[in-house]
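Comments concern the structure below.
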Amino acid sequence: MNRILAFSSRNIKELLRDPLSYIFCLGFPLVMLVIMSIVNQSIPAEANMTIFNIENLSAGIAMFGLSFVMLFTCLTVSKDRSGAFLTRLYASPMRSADFIAGYMLPVLVLALIQLVISFAASLLATVILGENTMNIGGVLLAIVMLLPVAIFFIAAGLLFGSLFNEKSAPGLCSIIISLATILGGVFFDAESAGGIMLDVCNALPFFHAVKAARLAVALQLEDIGVHLLITLAYAVVFSVLASVVFRSKMRADLA
Amino acid sequence: MTAVQAKGLTKKYKAKTAVDSLDLTVEEGELFALLGVNGAGKTTTIRMLTCLSKPTAGEAYICGHKTASESAEVKALVGISPQDTAVAENLTVKENLTLAARIYGFSREKTEQRIREMTELFNLGEVLDSRAKTLSGGWKRKVSIAMALISEPKVLFLDEPTLGLDVLARRELWCAIESLKGKITVILTTHYMEEAEQLSDRIAIMTGGKIHAIGTLQELEQISGETGLENAFVKIAESSMGGASV
């Protein structure tokens, strides 16, 4: 446990001391929240477009922000693997499980803080806009609903950081961030689009994560279970996959 | 007591033999240098002795523990400062030292005590709260060695510890390494003759993955019939390329 805490502490400091992590994980999503709220003010009510309503936007923006956690996890792992720092740690009593937990746990804590800040900003926006569409209970439930996708993104970051070097990994993460935003239905109504687009959205965790969080904000709990289960399944599968790949890469490095 | 022992240690990468049937014994408290040109197999040897690489053949022991089957015990006994400076760039010097101590299971009090000792040994006081990325190459190397030493290893491996450092930084680091003599076993790799001559109790001359001669400076001079380490090294290395072992 000592080793995990020591390594987690290092990783959390590395992330918190990188100004880019604030810009991407917090600044960018919050700016998007403000911009889309302003855009929503210009959409006439008869258009019946509710996707940019703050109660729907908040869940999408929160998931969008989490996707950057993948990028920073990936960068930390790939940078460590390319330098001599990991060589030193490989020669220490640290085991693969210590590395995996040490990479994943601190980022999960940061993701939780990010979710709280993101939803707090949304709640503040409802107060400023004079709307009464969100409440604390729904927000807390939405945060819980988004934890599996946070784990999915962190695991994906560990996976890509283990497989790719620090030059190619960010590019791949950017593609997935874009896909997550489009196929998560963050800025477009996937259900209205229907057809193949909706099928693709349904096959991936992003749409289900956003949907579960939106239902939680609205306190509509009847259909929430299936969306939660799908994102949970993705989180479990990617966590196992990332652990297996990291272990096998570590074994190969020590061969 | 024997600190490090290698018997027929071999590492092959496909057709290339990086280390070829290396036999080596280093006694406790000794400062031992592996001297060789680039590509001689020095780093590969250190990697095998620190469980960072599996030997293709042969065996290695650290304080009686076999590296292949007792890696957990071996890892608890060794410290390594790799050739490339291995520090966490966004952490301060103190945080780097704390990390290195904590992953070896040291308590908070013990960690603080060891940080004080390392600060004194390497004169780290003025940079203790500076982030590693802001330090010069010489400081980073000192921090890297302090990180290897903080866990109180029985055997310390220093892979090219002064590579790329200016003469002043090199001399300063030599003083720190020399102060370890007799306290712990140190194995350092270098291609600087002066460094091996200045620091080592014994020197092994390595080329093409093989050790061609081992001994004190006087013994190497005697073996080669030359005066000075550089001349002795050249003679032994040239003889080895001709196929003969001196």
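So the protein lines, in turn, are chains A and B. Mapped onto my numbering, the consecutive letters of the first sequence carry residue numbers -6 to 248. Mapped onto my numbering, the consecutive letters of the second sequence carry residue numbers 2 to 247. No residue lacks a Cβ here, since even glycine has one placed at the ideal position from N, Cα and C.
Counted within 10 angstroms of its Cβ, other Cβ atoms place residue i as buried (16 or more) or exposed
i                     : result
residue 110 (chain B) : exposed
residue 143 (chain B) : buried
residue 164 (chain A) : exposed
residue 207 (chain A) : buried
residue 62 (chain B)  : buried
residue 196 (chain B) : buried
residue 9 (chain B)   : exposed
residue 15 (chain A)  : exposed
residue 162 (chain B) : buried
residue 37 (chain B)  : buried
residue 230 (chain A) : exposed
residue 126 (chain B) : exposed
residue 198 (chain A) : buried
residue 168 (chain B) : exposed
residue 161 (chain A) : exposed
Close Cβ partners of residue i (< 7 angstroms) along its chain, the five nearest in sequence each way excluded
i                     : result
residue 91 (chain B)  : 132, 134
residue 159 (chain A) : 68, 71, 72, 75
residue 246 (chain B) : Below a pLDDT of 50, predicted positions are generally treated as unreliable, and residue 246 (chain B), at 47, falls in that range; no measurement from the model is reported.
residue 33 (chain A)  : 45, 46
residue 199 (chain B) : 175
residue 131 (chain A) : 209, 210, 211, 212
residue 84 (chain B)  : 44, 160, 161, 164
residue 116 (chain A) : 127, 132
Delimiting residues of the alpha helix (DSSP H) encompassing residue i
i                     : result
residue 44 (chain B)  : 43 to 50
residue 62 (chain A)  : 47 to 75
residue 95 (chain A)  : 89 to 122
residue 223 (chain B) : 218 to 225
residue 130 (chain B) : First-last for residue 130 (chain B): undefined, no H or E at that position.
residue 116 (chain B) : 109 to 123
residue 249 (chain A) : This structure cannot speak to residue 249 (chain A), because chain A is shown only from -6 to 248.
residue 160 (chain A) : First-last for residue 160 (chain A): undefined, no H or E at that position.
residue 204 (chain A) : 198 to 210
Own chain partners of residue i with C-beta closer than 8 angstroms, once the 5 adjacent residues on each side are dropped
i                    : result
residue 4 (chain A)  : 69, 95, 96, 99, 100
residue 64 (chain A) : 17, 150, 163, 166, 167, 170
residue 24 (chain B) : 7, 8, 9, 10, 212
Cβ-based neighbour list, residue i, same chain, cut-off 6 angstroms, excluding 5 preceding and 5 following
i                     : result
residue 141 (chain A) : 224, 225, 228
residue 205 (chain B) : 35, 212, 215
residue 218 (chain A) : none
residue 210 (chain B) : 18, 19, 20, 21, 42
Residue span of the beta strand (DSSP E) that contains residue i, given as start and end
i                     : result
residue 154 (chain A) : That residue, residue 154 (chain A), is in no beta strand (DSSP E); its alpha helix (DSSP H) goes 129 to 156.
residue 204 (chain B) : 203 to 208
residue 33 (chain B)  : 32 to 37
residue 193 (chain B) : Looking at the DSSP string, residue 193 (chain B) is not in any beta strand (DSSP E), and its letter there is neither H nor E.
residue 28 (chain B)  : 17 to 28
residue 60 (chain B)  : 58 to 63
Q: Determine, using beta-carbon pairs with one atom in the region 79 to 94 of chain A and one in the region 161 to 174 of chain A, whether at least three such pairs fall under 8 angstroms.
A: no
Q. Using 8 angstroms as the threshold, is the region 235 to 243 of chain A in touch with the region 165 to 175 of chain B, meaning 3 or more CB pairs across them?
A. no
Q. Touching or not, the region 48 to 65 of chain B and the region 40 to 53 of chain A, by the rule of three or more beta carbon pairs under 8 angstroms?
A. no
Q: Identify every run of the beta strand (DSSP E) within the region 77 to 104 of chain B, keeping only runs that are complete inside it and at least 3 residues long; order them along the chain.
A: 79 to 82
Q.
With a threshold of 8 angstroms, are at least 3 pairs of Cβ atoms found where one atom belongs to the region 181 to 193 of chain B and the other to the region 153 to 167 of chain B?
A. yes
Q. Counting Cβ pairs closer than 8 angstroms, one from the region 211 to 222 of chain B and one from the region 232 to 240 of chain B, do we hit at least three?
A. yes
Q) Taking three-plus beta-carbon pairs below 8 angstroms as touching, is the region 145 to 153 of chain B in contact with the region 115 to 129 of chain B? A) yes
(Q) Whether or not the region 183 to 202 of chain A and the region 15 to 26 of chain B are in contact is what I'm after, with contact meaning three or more pairs of Cβ atoms, one per stretch, closer than 8 angstroms; do they touch? (A) no
Q) Is the region 5 to 24 of chain A close to the region 105 to 112 of chain A, with three or more CB pairs under 8 angstroms? A) yes
**Q.** In chain order, each beta strand (DSSP E) run of at least 3 residues that lies wholly inside the region 124 to 185 of chain B
**A.** 156 to 160
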